[in-house]
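The numbering of the sequence shown is numbering that gives the first Met the number 0, which starts it at 0 and goes up by one. For every residue, glycine included, the Cβ atom is placed at its ideal position computed from N, Cα and C. A short write-up of the structure that comes next.
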Amino acid sequence: MILEKKYTKAYLEDNREEVLELYAQKHTKSNRPAILTKKQRKILGIGKDRGIAKVSNVRVAPRKVQIVLDQIRDKDVREARAILQYTDKIATEDLIKLLDSAVANAVNNNGMAEDSLYVAMCNVGQGVTLKRYRPRGKGSASPINKRTSNITIVVKARD
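As structure tokens, then:
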């Protein structure tokens, strides 16, 4: 049973569990079900169990951000915020804003309780690199790479 366009809103609402079970199963490349549209995901309630916040091109190197993210992974939101407030790293200011944004998205968009939230996933990737050069001896130059980070924080409710 592959999900096609013929499935209406009423069908998806009536057979929600069956369709979710179909997409939860492991598939091979050849018999993978069709990708759900945004409207179909909304009807099925996929993605309503979390709050996500992303920021791109933060002017801090990814390896410096990763050190701080490892400290707050799988912690309650209040505990993670306290850790960030008292950690003396350059990335904490941006991470506090991002964590507050993820919590606000979970509370306001998905109606979740702030007390039960925890940092389910947080990752950092490399953004664009600004390339600069520093003059050196005998007319040569050495490169300076000013790295940026793309950071994502996902908060979910504890079961």
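Asked                                                                                                                                                                : Found
Is Val154 closer than 8 Å to Val76 when the C-beta atoms are compared?                                                                                               : yes
Considering just the uninterrupted stretch of the beta strand (DSSP E) at Thr91, what are its terminal residues?                                                     : No beta strand (DSSP E) contains Thr91, which is instead part of the alpha helix (DSSP H) from 91 to 109.
Taking the beta strand (DSSP E) that Ala52 belongs to, which residues open and close that run?                                                                       : 49 to 57
Is it right to say Thr91 is buried, meaning 16 or more other beta carbons lie within 10 angstroms of its own, or is it exposed?                                      : buried
Rounding to the nearest angstrom, what Cα-Cα distance links Glu3 and Ile71 in this structure?                                                                        : Because Glu3 sits at a pLDDT of 48, beneath the cut-off of 50, its placement in the model cannot be relied upon, and the point is left open.
Would Lys130 and Asn144 be called neighbours here (beta carbons separated by less than 8 Å)?                                                                         : yes
Rounded to a whole number of angstroms, what is the C-alpha to C-alpha distance between Pro142 and Ala60?                                                            : 16 Å
Which residues in the same chain as Lys74 place their Cβ atom closer than 6 Å to its Cβ, once the five residues preceding and following it in sequence are excluded? : Val118
Taking the Cβ atom as the reference point for each residue, do Gly44 and Asn104 lie within a distance shorter than 8 Å?                                              : no
Under a Cβ-count criterion, where at least 16 other Cβ atoms within 10 Å of its own Cβ denotes burial, should Ala140 be classed as buried or exposed?                : exposed
Throw me the rounded Cβ distance for the Leu11 and Gln39 pair, which I believe falls under 8 Å.                                                                      : 6 Å
Considering only C-alpha positions, which residue in the set Arg31, Pro32, Asn122, Lys47 is nearest to Asn107?                                                       : Lys47
What is the DSSP secondary structure of Gln125, counted as helix, strand or coil?                                                                                    : strand
Let me know if Thr7 comes out buried or exposed under the rule of 16 or more other beta-carbons within 10 Å of its beta-carbon.                                      : exposed
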